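To start, the structure under review is shown below, and the notes come after it.
Number of protein chains: 2
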Amino acid sequence: MTPRPDPDALGFVLIDAARLLRAAFERRIAGAGLGITPGEARTLVHAAALDGSRQLDIAQRMGIEPMTLSTYLDRLQSLGFIERRPDPADRRARLIFTTPAADALIRDVRVEQVELMTQVTAGITPEDRELVRESLKRMRANLRAIEEDQQALPLAKEAGR
Amino acid sequence: MTPRPDPDALGFVLIDAARLLRAAFERRIAGAGLGITPGEARTLVHAAALDGSRQLDIAQRMGIEPMTLSTYLDRLQSLGFIERRPDPADRRARLIFTTPAADALIRDVRVEQVELMTQVTAGITPEDRELVRESLKRMRANLRAIEEDQQALPLAKEAGR
DNA sequence: GTTTATGATAAGCTTCCCTTATTATAAGCC
DNA sequence: GGCTTATAATAAGGGAAGCTTATCATAAAC
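In the order they appear, the protein sequences are chains A and B.
With UniProt numbering applied, the first sequence covers 1 to 161.
With UniProt numbering applied, the second sequence covers 1 to 161.
This is the structure we're talking about:
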């Protein structure tokens with residue numbers, strides 16, 4: 001009955017795996033001389049997938065704060081992998097485009113990613129792997145909903161004023 | 001054939017989910033007024049599970065560097081949740097024990113953890129959830145093996161000298 | 001008994017993310 | 001049309017979770 005704390009509980013294992021994965025990815029990218037961090041790679045991939053979007057939209061899709069994204073984009077821009085162009089429809093906004101130089105990088109990142117994930121998922125069947133991916137997507141969606149709920153609560157308290 | 005980079009690839013989703021989970025756990029623990037960080041909670045749980053071990057053993061079990069653990073333990077010790085006692089068998093080593101005060105905290109952490117994970121895994125069957133946990137454990141083990149391989153490589157290069 | 005290995009830790013760094021405050025511009029409202 | 005409010009980006013600064021490298025004490029090996 002007494003629920004003993006388990007270092008192998010789902011939450012702990014998830015965080016462990018993510019930490020180790022990030023470290024392994026970092027070593028791989030560094031080893032390949034790509035010169036970016038995992039966070040920058042993730043940003044670049046999202047930027048490429050949403051080419052021509054504004055920063056707010058990309059940030060929302062990535063689930064991070066706009067300011068956090070802005071910092072990543074600064075770095076990617078200084079490396080010549082993305083461009084910020086003014087939005088003709090709204091002079092406050094900038095549209096993000098990847099440069100031709102980014103294409104090769106994204107391909108390289110992708111190769112490292114696939115090779116690494118092949119090693120990491122060794123011993124897991126493709127079906128299970130896909131089930132894990134879907135489950136994690138579900139968890140991610142749940143977590144985003146929880147986040148919004150928690151942000152909504154403090155406002156609800158003040159709504160009475 | 002051309003593998004387009006997918007923001008929903010397993011690795012990205014895993015890292016996303018872990019980031020959001022850590023943030024949600026942090027808010028929960030803060031909300032409950034427990035006064036520790038997720039990393040400290042993880043350390044405490046491991047320390048309790050391995051009560052009376054040396055720091056090196058705990059660090060290895062957690063998969064982090066001894067120095068990183070030492071910093072967590074400093075904090076947990078200053079809060080009165082763990083004790084460092086000299087190892088009678090080796091005066092270089094210290095043995096880690098949790099204090100009675102830690103018991104209540106661990107129970108509270110556990111409650112928060114269970115409640116949060118129930119929300120997070122909403123819509124996932126218990127069987128799938130267990131499969132995800134097992135798969136993640138497998139991935140974690142693979143990642144640790146990869147880590148060791150990569151550390152072994154540079155030495156292998158120098159072995160010829 | 002001297003050299004080498006090991007347990008802990010001090011010092012300082014990196015990555016990834018956050019919050020808060022500012023600035024420029026757009027949109028809504030008399 | 002001018003005034004207020006909302007929104008896009010970003011400057012400034014901070015915190016959590018790790019890492020590496022160097023140091024010190026002690027143990028083990030030769």
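Beta carbons: idealized from backbone N, C-alpha and C, even for Gly.
Predicted model, so just to flag it, every value in this text is computed and none were measured.
Check	Outcome
Got a sec: is the Cβ-Cβ distance from Met1 of chain B to anything in chain A below 9 Å?	Caution is warranted here: a pLDDT of 44 is assigned to Met1 of chain B, below 50, making its placement in the model unreliable, and the coordinate value is therefore given only provisionally. By this cut-off, Met1 of chain B is not an interface position.
Drop a sphere of 10 angstroms on the beta-carbon of Ser70 of chain A, count the other beta-carbons inside from all chains shown, and report buried for 16 or more, exposed for fewer.	exposed
Would you identify the three-state DSSP class for Asp128 of chain A, choosing helix, strand or coil?	helix
Taking Phe97 of chain A as part of the beta strand (DSSP E), name the residues at either end of that continuous run.	90 to 98
With 9 Å as the threshold, decide whether the Cβ of Arg19 of chain A is near any Cβ in chain B.	yes
Any idea which residues DSSP pairs Ser53 of chain B with across the strands?	B:Ile96
Within 10 angstroms of the Cβ of Glu115 of chain B, are there 16 or more other Cβ atoms? Answer buried if so, exposed if not.	exposed
Taking Cβ-Cβ distances below 9 Å as the criterion, which residues of the stretch 100 to 111 of chain B are in contact with chain A?	Ile106, Arg107, Val109, Arg110, Val111
Could you name the residues of the same chain whose beta carbon sits closer than 8 Å to that of Thr68 of chain B, not counting the 5 residues immediately before and after it, in chain order?	Ala59
Run through chain B and tell me which residues come within less than 8 Å of Gln55 of chain A, C-beta to C-beta.	Those within 8 Å of Gln55 of chain A in chain B number zero; the least Cβ separation is about 16 Å.
Three or more beta-carbon pairs under 8 Å between the stretch 87 to 104 of chain A and the stretch 91 to 107 of chain B, yes or no?	no
Answer yes if the stretch 71 to 79 of chain B comes into contact with the stretch 33 to 52 of chain B, meaning at least three C-beta pairs across the two stretches below 8 Å, and no otherwise.	yes
Tell me, which residues are paired with Glu83 of chain B by DSSP?	B:Phe97
Report the three-state DSSP secondary structure of Asp6 of chain A (helix, strand or coil).	coil
Does DSSP classify Thr43 of chain A as helix, strand or coil?	helix
Pick helix, strand or coil for Gly31 of chain B, following the three-state DSSP scheme.	helix
For Leu14 of chain B and Ala17 of chain A, which I take to be in contact (beta-carbon distance under 8 Å), what is that distance rounded to the nearest angstrom?	6 Å
Leu44 of chain B to Glu112 of chain A, Cα distance in whole Å?	35 Å
Pick helix, strand or coil for Gly123 of chain A, following the three-state DSSP scheme.	coil
Taking 9 Å as the CB-CB limit, is Glu40 of chain A close to chain B?	no
If you drop the 5 nearest sequence neighbours on each side, which residues of the same chain put their C-beta closer than 7 Å to that of Leu50 of chain B?	Asp57, Ile58, Arg61
With distance defined between alpha-carbon atoms, name the residue in A:Ala47, A:Gly63, A:Asp8, A:Gly31 nearest to Ala23 of chain B.	A:Gly63
Quick one, are the C-beta atoms of Ala48 of chain B and Thr98 of chain B less than 9 Å apart?	yes
Please go through the same chain and pick out, in chain order, the residues whose beta-carbon is closer than 6 Å to the beta-carbon of Val109 of chain A, but skip the five residues on each side of it.	Ala41
With DSSP run on the structure shown, which of helix, strand or coil describes Glu65 of chain A?	coil
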